[in-house]
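Reviewing the structure listed below.
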Amino acid sequence: MKRLFEVVLVVLVFFFSCSEPLDAKKTDSHKIVLDADSREPLEIMAPKGAIEFPGANPEDMLGLYTIYSKKVRAENFAIEVEFTTLSNVEVKEIVEEKLEEIKLESDLFRVIKKRKDGFLYETKEINGDLNYGFLKLIVTKKKYAVIFPEPKPEGNTSLEEANYMYDILNRN
590 MKRLFEVVLV
600 VLVFFFSCSE
610 PLDAKKTDSH
620 KIVLDADSRE
630 PLEIMAPKGA
640 IEFPGANPED
650 MLGLYTIYSK
660 KVRAENFAIE
670 VEFTTLSNVE
680 VKEIVEEKLE
690 EIKLESDLFR
700 VIKKRKDGFL
710 YETKEINGDL
720 NYGFLKLIVT
730 KKKYAVIFPE
740 PKPEGNTSLE
750 EANYMYDILN
760 RN
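Right under this line is the structure:
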């Protein structure tokens with residue numbers, strides 16, 4: 590009887606210690622305004638409580654355009670938004686260009702989901718581990734923003750994490 594009690598106790602501890610899978614449908618989200626100081630602020634969907642952080646400072650590219658970034662973080666949500674001040678760009682053209690860049694950087698590349706404004710993908714790292722990411726593009730009159738997962742200092746982004754962030758960003 591004592592042995593049965595120990596087994597049941599271990600099973601219960603194991604059962605309750607397992608984490609719940611990330612589900613974007615169960616996460617409350619709202620629109621967050623990025624780059625509010627500029628003439629063209631940008632709205633993206635993010636989990637409630639998400640906070641904007643400064644990213645890279647504006648860098649002038651030979652007077653043709655400027656690149657800068659912002660970061661948005663919340664629990665299980667960490668993205669980087671790279672802004673490029675270039676007008677008259679086509680969404681399809683930029684998405685295809687970014688797709689080709691990622692293909693060149695990775696030996697093994699696979700698109701999991703594709704939309705007109707971005708895609709979710711899988712790559713194989715040098716050490717053989719799989720890494721998942723996404724790209725979402727938002728175009729305004731005077732700039733465009735490329736949204737992708739913030740690189741982790743340790744480890745790779747899992748499919749569950751990438752899918753969770755991508756689904757939240759694509760809410761209406």
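In this note's numbering, the protein residues as written are 590 to 761. The beta carbon of each residue, even a glycine, is placed where N, CA and C say it ideally should be. Please read all numbers here as calculations on a predicted model, not as lab measurements.
Find the nearest neighbour of A751 within the set D649, A734 and P610, judged by alpha-carbon distance.
-> P610
Complete beta strand (DSSP E) runs within the region 719–745 (minimum length 3 residues, chain order) | 719–728 and 733–738
Backbone CA spacing between K659 and A645 [nearest angstrom] = 7 Å
Give a yes or no on whether the C-beta atoms belonging to G707 and L719 are separated by under 7 Å.
-> no
Selected residue, minimal CA-CA separation from T729, among I757, P630, T712 and P738 | P630
Close beta carbons around T746, own chain, < 7 Å, minus the five adjacent residues each side = N720, Y721, G722 and P738
From which residue to which residue does the alpha helix (DSSP H) around E686 run?
-> V680 to E694
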